[in-house]
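Note sheet for the following structure.
If you want it as structure tokens, here you go:
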């Protein structure tokens, strides 16, 4: 369908971004992606919002034909999509609870696409004139406190104190790590990403505010606000799953995390050096790099897959991370479903070898991961795409007022169970800060 397209210049991009986020939330389905001005040679979009599905498919089982047909039918259009962790045929489907609520996969073409780059706004719409949409967004009145459902809450305020419940105790977590280490020693696999989940009930909060709080504390290059009916993803992900530019594929797995000390520059630099020289983190990272290289080699031209950067250290507000970049030239006539089949779920959230570790994940983790460890992203009109890794995320249902989040880490033979548990809590620090005020009772429950 032909889109009307127009460019506008604005004086205050920050204010417009807030209005755009609230405006998008009016729709039954919307996606808001923001890289928070993170500078990267592989950067694609600064900020983009998509709202109102014109056409969509919602899947409850893996269906390569349906995905390919939808993409082919809407070639030359924007397509936004998500895929849950369980969208694969590597292991058998299970009947565990999906805490995140989202369907297995969902793809849609939006009625409105709005890009924000510095002070330039580009609006594409199928019906209304772009000027009308621009006036709606720039003149959007933010909801009052009473309309947001909490009179004590403002846009930048914290959500009410609430109880966070781990779905696995610390003792059980440590026991499972010891089981994993025994399987590694036996030779079943080399590395596994083992995750745990937390639940929050009776969270009376505006999801836009929760997302804003989370990304204010932790602005990351693959942040995402995604609404699908009453289910919300509020995501502060630092990680890219897979990008396509022309015939080039780019994957950037993260393995290796260390806490920052932003109040002491000298100590913070020591933390960088500690991560850079950590044999445990390097081992963890290189195993995933090898797995990604193997995945990409299945769909890329022979000899084109290479490691563009190994063990790169990148800094985020709470942590320093070790990130590697793997690239390859996509073989001609490769379908999107074939790319998914070869590379998804991403190696950083599974382990190596992938089938063996995913079978163990199914055995040890009590719930489905759902959209946690899955991906959200887009395919643009040129046929390129960019998808994130859904981590550092809050899942919220506005009907039940229940929230959940998952957190995990890569376990290798060098892993110390206590330190792995501490790393999980470190990765979730921003989420915990947003969801509850810290008190001794909450901290005890997390043990």
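Numbering (our numbering), first residue to last: -6 to 440. For glycine and all other residues, C-beta sits at the position ideal for the given N, C-alpha and C.
Skipping 5 residues on each side, what residues in its chain have a beta carbon closer than 6 angstroms to that of residue 147? At residue 147, the pLDDT of 38 sits below 50, so the modelled position is not reliable; the number obtained from the coordinates is stated separately. Answer for residue 147: no residue qualifies.
Quick one: grab the DSSP three-state call for residue 4. Residue 4 falls in the coil class under three-state DSSP.
For residue -3, which residues does DSSP report across the bridge? Answer by DSSP bridge pairing, in chain order: 118.
What number of angstroms, rounded off, separates the C-alpha of residue 87 from the C-alpha of residue 307? A straight-line Cα-Cα distance of about 37 angstroms links residue 87 and residue 307.
Would residue 40 count as contacting chain C if we go by Cβ distances under 8 angstroms? Any reference to chain C falls outside this structure, which holds one protein chain only.
Take the Cβ of residue 197 as the centre, count every other Cβ of all protein chains shown within 10 Å, and call the residue buried at 16 or more, exposed below. Residue 197 should be labelled exposed.
Cutting at 6 angstroms between CB atoms, please list the residues of its own chain near residue 406, excluding the five before and the five after it. Here the set comprises 177.
Would you check if there are 3 or more beta carbon pairs closer than 8 angstroms linking the region 352 to 362 to the region 81 to 96? Contact holds between the region 352 to 362 and the region 81 to 96, because three or more Cβ pairs, one in each stretch, are under 8 angstroms apart.
Write down every uninterrupted run of the beta strand (DSSP E) in the region 380 to 416 whose length is 3 residues or greater and which is fully enclosed by it, in chain order. Entirely contained in the region 380 to 416, the beta strand (DSSP E) runs reaching 3 residues are, in chain order, 386 to 390, 395 to 404.
Taking 8 angstroms as the threshold (C-beta atoms), are residue 12 and residue 123 in contact? A distance of 8 angstroms or more separates the beta carbons of residue 123 and residue 12.
My understanding is that residue 337 touches residue 76, with C-beta atoms under 8 angstroms, so please give their C-beta distance in whole angstroms. Rounded, the Cβ-Cβ distance is 7 angstroms, consistent with contact.
Would the beta-carbon of residue 203 fall within 8 angstroms of that of residue 387? Inclusion of residue 203 and residue 387 in the CB contact set at 8 angstroms is warranted, their separation being smaller than that value.
Taking 8 angstroms as the threshold (C-beta atoms), are residue 72 and residue 64 in contact? Less than 8 angstroms divides the Cβ of residue 64 from the Cβ of residue 72.
Integer-rounded CB distance, given that residue 245 should sit under 8 angstroms from residue 343: With a contact defined as Cβ atoms closer than 8 angstroms, residue 343 and residue 245 miss out at about 16 angstroms.
Could you work out which residue in 261, 57, 375 is closest to residue 80 when comparing CA atoms only? Comparing Cα-Cα distances from residue 80 to each of 261, 57, 375, the minimum goes to 57.
Looking only at its chain, what residues have a beta carbon closer than 6 angstroms to the beta carbon of residue 151, apart from the 5 residues adjacent to it on each side? For residue 151, the predicted model reports a pLDDT of 45, less than 50, meaning its position is unreliable and no value from the coordinates is stated.
Touching by the beta-carbon criterion (3+ pairs, under 8 angstroms), the region 411 to 424 and the region 158 to 171: Below 8 angstroms, enough C-beta pairs join the region 411 to 424 and the region 158 to 171 to call them touching: three or more.
DSSP on residue 9, reduced to helix/strand/coil? For residue 9, the secondary structure class from DSSP, reduced to helix, strand or coil, is helix.
So for residue 181, helix, strand or coil by DSSP? Here residue 181 carries a coil assignment [DSSP, helix/strand/coil].
Cβ contact check for the region 366 to 379 and the region 309 to 317: 3 or more pairs under 8 angstroms: As far as the Cβ criterion goes, the region 366 to 379 does not touch the region 309 to 317, which means the pair count is below three.
Cβ atoms of residue 321 and residue 277: under 8 angstroms apart, would you say? Between residue 277 and residue 321, the C-beta spacing is not below 8 angstroms.
For residue 230 versus residue 215, is the C-beta distance shorter than 8 angstroms? Yes, the Cβ-Cβ distance between residue 230 and residue 215 is below 8 angstroms.
Could you tell me the distance, in whole angstroms, from the CA atom of residue 305 to the CA atom of residue 265? Cα-Cα distance, rounded: 11 angstroms.
When 418, 409, 242, 68 are compared against residue 400, the one with the closest alpha-carbon: Comparing Cα positions, the closest option is 418.
Return the CA-CA distance between residue 325 and residue 295, expressed in angstroms with no decimal places. Using only the alpha carbons, I get a separation of about 12 angstroms.
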